[in-house]
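Oh and the sequence shown: position 147 is 147 in full-length UniProt numbering, straight run, nothing missing. Just so you know, even glycine gets a beta-carbon here, dropped at the ideal spot from N, CA and C. To keep things clear, I will list the structure first and then write my remarks on it.
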Amino acid sequence: MKDRAVTLLGGLISLFIVIALLLPQEKPSPDKYSLPTSENRGAVGLAGLKAWLNANRVPTLSLRHRYPALLTDPELPDTGNVIIVNQPTVTAPSKAELSTLLEWIDQGNYILLLVARQDLPDWTRTGIAHNTPVLDALNLAFVTQRQDNRSKSDLGRAVAILTGKERQLSTLSPTVTHPLLNNVKTISSYRSLLFDEQNLTIESNRGRGYTLPLLKNSDTDSQHFWAFRRGAGGGWISSLPDLFGNTTLGKNDNARLINNIISLTLGPGAYVIFDDMHLGLSDLYDADTFFGDPRLHTTLTILGLFWLTYLLGYNNRLAPLKEKHDRPTAVSFVEASAGYFARKTPGLIIARRQLTHFEEQVCDFYRQPRPCGSILKLLRTRSGIREQDILSLESLTERIAKQQGVNLLQLTQILDSIKRTMQ
1 MKDRAVTLLG GLISLFIVIA LLLPQEKPSP DKYSLPTSEN RGAVGLAGLK
51 AWLNANRVPT LSLRHRYPAL LTDPELPDTG NVIIVNQPTV TAPSKAELST
101 LLEWIDQGNY ILLLVARQDL PDWTRTGIAH NTPVLDALNL AFVTQRQDNR
151 SKSDLGRAVA ILTGKERQLS TLSPTVTHPL LNNVKTISSY RSLLFDEQNL
201 TIESNRGRGY TLPLLKNSDT DSQHFWAFRR GAGGGWISSL PDLFGNTTLG
251 KNDNARLINN IISLTLGPGA YVIFDDMHLG LSDLYDADTF FGDPRLHTTL
301 TILGLFWLTY LLGYNNRLAP LKEKHDRPTA VSFVEASAGY FARKTPGLII
351 ARRQLTHFEE QVCDFYRQPR PCGSILKLLR TRSGIREQDI LSLESLTERI
401 AKQQGVNLLQ LTQILDSIKR TMQ
């Protein structure tokens, strides 16, 4: 029974581990915070941008597959598309994906990369990986140049920590004259004073490539938006992720900036693509639908019942259990011999031998020669022995003399009681 209980416990633990491994990992919930996806209607969501583009008959696409789909989707033209990518990501792209993305850009497409480098919106404060795989794949990196005077920046951070207002709305302005900045005077975006790097720039990791700064902070002259070329395509990088969110799209000239980007780069029949796949919206595997399917519940129930029945109904599954054999000792020999004689010797003979041995002990105790006659008379002349025990012994002695059956347990108890009184 103990083995079956241990087996049952092990089976239940195994079943729990399997279910825990199959359950979907916790992913960002729109109810807790806003994510920059094309479906999210929160503060930093891009649902407003997608609706605005659709209203102006600009084709849009929510990418729910990995980056190789950019090359294999028959609806997408080969060139002239623009993809909006946010960093960090909920689902990190693999190296193969990044290689495909770079190939797609090289053949004449564009990327708008919004990186949370100088801002800390709520969705970046979760357990997601704070890395920039797309920026790294482009061989580009943010670099902070040496600051000679950090007192003003340090003071701003200290004030932000004390007041709890580290995230503030900033105004950006053009740094150069560029077709992309046509009729763009100011851009609004949130930035965090805790990550306010006034001398931030972008450099190539391999000493090649060139990025053109287009927007800077109107107050600090810190750069925030850059353009770059790659192959037949190119793109733009922002250190502030919330340029075109539902809250900031309608501020200042933000909408005009995205309009200029699309007007200058979007080809005939091309799409504005929202990278929702790496922010948790995927068509590859819908965990909620899978685990909500009643057929799965029925299957798991049947398998679980069968497994438990198997565990409890058939204990020795691999090989018969080997019993542990202890090495025999002198005590083991005595116990085995006593057990054998107890089973084979009639009870009347055992009782007669017990009584004879007791009579010899009484004679020796009272220093009487053997045989010392009737021990009942001898015991009655001695004080301290209960009369009830003597009467019981007398009755059993008569039964033994008549060769009638006696209760060996009762005889043993009476003899032990008299012995204790004698001592």
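- Contact annotation: the segment 87-99 does not touch the segment 49-61, with fewer than three C-beta pairs closer than 8 Å.
- CA-CA distance, valine 331 to phenylalanine 358, rounds to 24 Å.
- Put simply, the backbone Cα of threonine 144 is about 39 Å away from that of proline 268.
- Looking at Ser238, Thr211 and Ile105, the one whose alpha-carbon comes closest to that of proline 88 is Ser238.
- Secondary structure in the segment 203-277: the beta strand (DSSP E) runs of 3 residues or longer, each lying completely within the stretch, are 211-217, 223-230, 233-238 and 272-275 in chain order.
- The secondary-structure analysis by DSSP pairs arginine 191 across a beta bridge with Gln168.
- Membership of asparagine 54 in the alpha helix (DSSP H) is indicated by the continuous run 47-55.
- Between serine 192 and leucine 120, the C-beta gap is smaller than 8 Å, which places the two residues in contact.
- In this structure, the alpha-carbon of leucine 113 lies about 23 Å from that of leucine 284.
- Classified as buried, proline 36 has 16 or more neighbouring CB atoms from the shown chains inside 10 Å of its CB.
- Residue nearest to leucine 296 within the set Ile19, Lys185, Ala5 and Thr7 is Ile19 (criterion: CA-CA distance).
- DSSP places leucine 393 inside the alpha helix (DSSP H), whose first and last residues are 387-401.
- Measuring C-alpha to C-alpha distances from tyrosine 110 to each of Ser189, Thr397 and Ile261 identifies Ile261 as the nearest.
- Bridge partners of valine 115 according to DSSP: Gln87.
- Alanine 342 carries a helical assignment under DSSP once its states are collapsed to helix, strand and coil.
- According to the DSSP assignment, serine 99 belongs to no beta strand (DSSP E) but to the alpha helix (DSSP H) extending over 95-106.
- The alpha-carbon of lysine 185 is positioned some 57 Å away from that of proline 294.
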